[in-house]
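Protein chains in written order, with my numbering: chain A, 30 to 272; chain B, 1083 to 1179.
Glycine included, every Cβ here is placed at the ideal spot set by N, Cα and C.
Below is one structure, written out as structure tokens; the observations come after it.
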Amino acid sequence: MWHLGTVISLHDETATARTITLEVSDWPGHVAGQHVDVRLTASDGYSAVRSYSIASAPNSEKRVELTVERLPDGEVSPYLTQQIAVSDQLELRGPIGGWFVWRTQQTEPIQLVAGGSGIVPLMAMIRSRVLARSTAPFQLLYSVREPGAVLYREELQALSDQDHSLDLTYAYTRVAPKDWPRPAGRIDAALIANTTWPSKLVPTCYVCGPTSFVESASRLLIASGNDPEKIRTERFGPTGERQ
Amino acid sequence: MSSDVDDYLDGNAAAGELSNIFAMDITAAEGQCAHCGAIKRFAEAHVYLQAPGLVARCSVCQHVLLRLVNARERVFFDLQGMRSLILNTSRLVKSGR
Chain A
30 MWHLGTVISL HDETATARTI TLEVSDWPGH VAGQHVDVRL TASDGYSAVR
80 SYSIASAPNS EKRVELTVER LPDGEVSPYL TQQIAVSDQL ELRGPIGGWF
130 VWRTQQTEPI QLVAGGSGIV PLMAMIRSRV LARSTAPFQL LYSVREPGAV
180 LYREELQALS DQDHSLDLTY AYTRVAPKDW PRPAGRIDAA LIANTTWPSK
230 LVPTCYVCGP TSFVESASRL LIASGNDPEK IRTERFGPTG ERQ
Chain B
1083 MSSDVDDYLD GNAAAGELSN IFAMDITAAE GQCAHCGAIK RFAEAHVYLQ
1133 APGLVARCSV CQHVLLRLVN ARERVFFDLQ GMRSLILNTS RLVKSGR
């Protein structure tokens, strides 16, 4: 039920987020959008379990990448972002979830909406699409605090530059870059109307972020004409601090 | 329990723990609320992890769908708020195995 993963590389994505690449010898394979539970056990037997989305596309190399955002008062994330070292081992349960997933057989337009580190499972979908040479049209609306907090920026930019069917929009909530067309602020009806698929194309929407973000983004998508049945959501962090 | 209070997660967050009990993926399963009759994917349920255990509530009427408490070597599992649960066997995405 639990797998043992060995850390094979670490990569800092931002000042507070780190990607951990694990090799899991008995990994059964995963689908983009799924997550794992990570269990840390202290020497006195105390253990803590947290869920983290898988960032990597399904692959045949038994590799799993997790991108973890450090929470100031977190119990698990400071260890995963600051102390863990290559060749350390982690206990993983998963892959988990068969609803918040994108499968390579899907050909309909896809609308991804990320709040903060809610980008992680959506990135797995984007990477899966590339790996499978899928031509399903993807749009990503990525709401993020400030430019320095953007995860996977260069990879996203490169992918959207070379593929016109991957469209990328950033919405900054606190600090926008200079000359950015839209002032910093939360996503709103106008942004949804201007940067997401028209509802008449019947896109499948995947929304991931803190609970308050997911609630407001799904409400806006429904208000702009999307069928609630076509909106799949995943919420994390009761306080939204994981952003 | 108002849905305006953002102190809940959703059924995805309960799926790892529930994989101890269900061999099949629970998030895509369709559950019917015993109180209001709404049929929703379990992924959409509102899940509270800060209780002493795990509580899932209907996203429509907020009534309790299931409760799960781990106490030492035993698991207490209460499903009385869910009238039925339809699991999909066509996609063999196992959870937690």
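Environment of residue 264(A) [buried if 16+ CB atoms lie within 10 Å]: buried
Segment contact, 8 Å Cβ cut-off, at least three pairs: the segment 226-235 of chain A with the segment 199-206 of chain A: no
Proximity to residue 168(A) [Cα-Cα], best of 190(A), 211(A), 139(A): 139(A)
Where residue 81(A) falls, given that 16 or more other Cβ within 10 Å makes a residue buried: So residue 81(A) ends up on the buried side.
Spatially closest choice to residue 1146(B) from 1171(B), 1170(B), 1156(B), 1113(B), by CA coordinates: If we check each option's Cα against that of residue 1146(B), 1113(B) comes out closest.
Buried or exposed (CB count within 10 angstroms, at least 16 for buried), residue 40(A): exposed
Pair within 9 Å by beta-carbon distance, residue 31(A) and residue 121(A): yes
Residue(s) in a DSSP beta bridge with residue 154(A): Looking at the DSSP assignment, residue 154(A) forms no beta bridge with any residue, so it has no partner.
Candidates 85(A), 196(A), 117(A), 45(A): closest to residue 102(A) by CA position: Minimum Cα-Cα distance from residue 102(A) among the listed residues 85(A), 196(A), 117(A), 45(A) corresponds to 45(A).
Min CB distance residue 1031(B) to chain A below 9 Å: An answer regarding residue 1031(B) cannot be provided, because it is not within the stretch 1083 to 1179 covered by chain B.
The alpha helix (DSSP H) enclosing residue 1099(B), as first and last residue numbers: 1093-1100
Among 1108(B), 1100(B), 1101(B), the one whose alpha carbon lies nearest that of residue 1170(B): 1108(B)
Cα-Cα separation, residue 1175(B) to residue 1142(B): Residue confidence is low: residue 1175(B) scores 48 on pLDDT, short of 50, so the model does not pin down where it sits. Its coordinate-derived value is still stated next. Each residue's Cα considered, the two are about 27 Å apart.
Reduced DSSP secondary structure (H/G/I, E/B, other) of residue 88(A): Reduced to three states, the DSSP call for residue 88(A) is coil.
Residue-level contact to chain B via CB, residue 76(A), 9 Å cutoff: no
Cα-Cα separation between residue 158(A) and residue 165(A), rounded to whole angstroms: 8 Å
Terminal residues of the beta strand (DSSP E) in which residue 51(A) lies: 46-52
Beta strand (DSSP E) runs wholly inside the segment 166-232 of chain A, at least 3 long, in chain order: Listed in chain order, they are 167-173, 195-201.
Neighbourhood of residue 71(A) by C-beta, 6 Å cutoff - its chain only, sequence neighbours within 5 removed: none
Cβ neighbour criterion (16 or more within 10 Å) applied to residue 65(A): buried
Same chain only: Cβ atoms within 7 Å of residue 55(A), ignoring 5 sequence neighbours per side: Taking residue 55(A) as the centre and dropping the five residues before and after it, the same chain places the C-beta of 32 closer than 7 Å to its C-beta, in chain order.
Neighbour-count burial assignment, residue 136(A), 16 or more Cβ in a 10 Å radius: exposed
Contact the segment 245-261 of chain A vs the segment 1093-1103 of chain B: 3+ CB pairs below 8 Å: Flag = no, the segment 245-261 of chain A and the segment 1093-1103 of chain B do not touch.
Partners in chain A for residue 1110(B), counting only beta-carbon separations shorter than 7 Å: Below the 7 Å Cβ cutoff, chain A contributes 127, 128 as neighbours of residue 1110(B), in chain order.
Buried/exposed call for residue 37(A), threshold 16 Cβ in 10 Å: Label assigned to residue 37(A): exposed.
For residue 1155(B) and residue 243(A), the rounded distance between their alpha carbons: Their Cα atoms are separated by approximately 36 Å.
Contact the segment 141-161 of chain A vs the segment 111-125 of chain A: 3+ CB pairs below 8 Å: no
Contacting positions in the segment 244-267 of chain A - beta carbon closer than 9 Å to chain B: 244, 261, 262, 263, 264, 265, 266, 267
CA-to-CA distance, residue 106(A) to residue 77(A), given in whole angstroms: 11 Å
Reduced DSSP category for residue 1124(B) - H, G, I as helix; E, B as strand; rest coil: helix
Residues of its chain near residue 224(A), where Cβ-Cβ distance is below 6 Å and the 5 sequence neighbours each way are ignored: Spatial neighbours of residue 224(A) in its own chain (CB-CB distance under 6 Å, excluding positions within 5 residues in sequence) are listed in chain order as 170, 198.
Interface residues of the segment 100-123 of chain A facing chain B [CB-CB below 7 Å]: 122, 123
Counted within 10 angstroms of its Cβ, other Cβ atoms place residue 112(A) as buried (16 or more) or exposed: Residue 112(A) should be labelled exposed.
Interface partners of residue 1070(B) on chain A, CB under 7 Å: Nothing can be reported for residue 1070(B): it is not among the residues displayed for chain B, which extend from 1083 to 1179.
Cα-Cα separation, residue 217(A) to residue 1104(B): 39 Å
Contacts of residue 80(A) in chain B (Cβ-Cβ under 7 Å): 1095, 1098
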